[in-house]
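FYI, my numbering numbers position 50 of the sequence shown as 60, with every residue one higher than the one before it. Quick reminder that beta carbons are idealized off the backbone N, C-alpha and C, glycines included. Reviewing the structure listed below.
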Amino acid sequence: MSDWLPTILGTVAGLLSTASFAPQVLKAWRERDTAAISKRMYMVTVTAFVLWSIYGFLLGSVPLIVFNLLSLAMSATILVLKIRNDRRDAKASKTQAEPGMARSG
Numbered sequence: 011m012s013d014w015l016p017t018i019l020g021t022v023a024g025l026l027s028t029a030s031f032a033p034q035v036l037k038a039w040r041e042r043d044t045a046a047i048s049k050r051m052y053m054v055t056v057t058a059f060v061l062w063s064i065y066g067f068l069l070g071s072v073p074l075i076v077f078n079l080l081s082l083a084m085s086a087t088i089l090v091l092k093i094r095n096d097r098r099d100a101k102a103s104k105t106q107a108e109p110g111m112a113r114s115g
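Printed below as a string of structure tokens:
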């Protein structure tokens with residue numbers, strides 16, 4: 011097998027894997043709605059990308075390092091948006107549920 015073929019395959023796979031997070035990041039960012047996103051799934055995904063990145067560093071594989079760090083950043087963004095929106099929604103629900111907490115003005 012040619013030396014360049016694994017690099018080409020790794021690069022294409024990395025591009026596609028990383029790009030797959032872009033629509034979710036954009037949708038969650040724009041709509042501020044992450045109710046349908048699983049927090050546990052993204053916690054596992056972020057952990058996996060951390061481990062893949064470490065593995066890439068240990069192997070010295072540039073495609074593994076670059077694309078897993080990019081995917082880590084995107085999946086971590088989704089996780090942060092999910093946590094932030096869950097807290098915001100819980101706070102809003104609590105405020106609405108407590109009688110006499112309405113502000114005048």
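Alpha-carbon spacing of residue i relative to residue j, whole angstroms
i    : j    : result
A46  : L89  : 12 Å
L25  : S63  : 15 Å
V72  : K37  : 29 Å
G115 : K104 : At G115, the pLDDT of 48 sits below 50, so the modelled position is not reliable; the number obtained from the coordinates is stated separately. G115 and K104: Cα-Cα distance of roughly 20 Å.
A29  : L68  : 24 Å
A102 : V76  : 39 Å
V35  : M84  : 7 Å
Whole-Å CB distance - residue i paired with residue j, under 8 Å assumed
i   : j   : result
L74 : Y65 : 7 Å
For residue i, the three-state DSSP class (helix, strand or coil)
i   : result
S81 : helix
R42 : coil
Element boundaries [alpha helix (DSSP H), containing residue i]
i   : result
S63 : 49-69
S27 : 14-29
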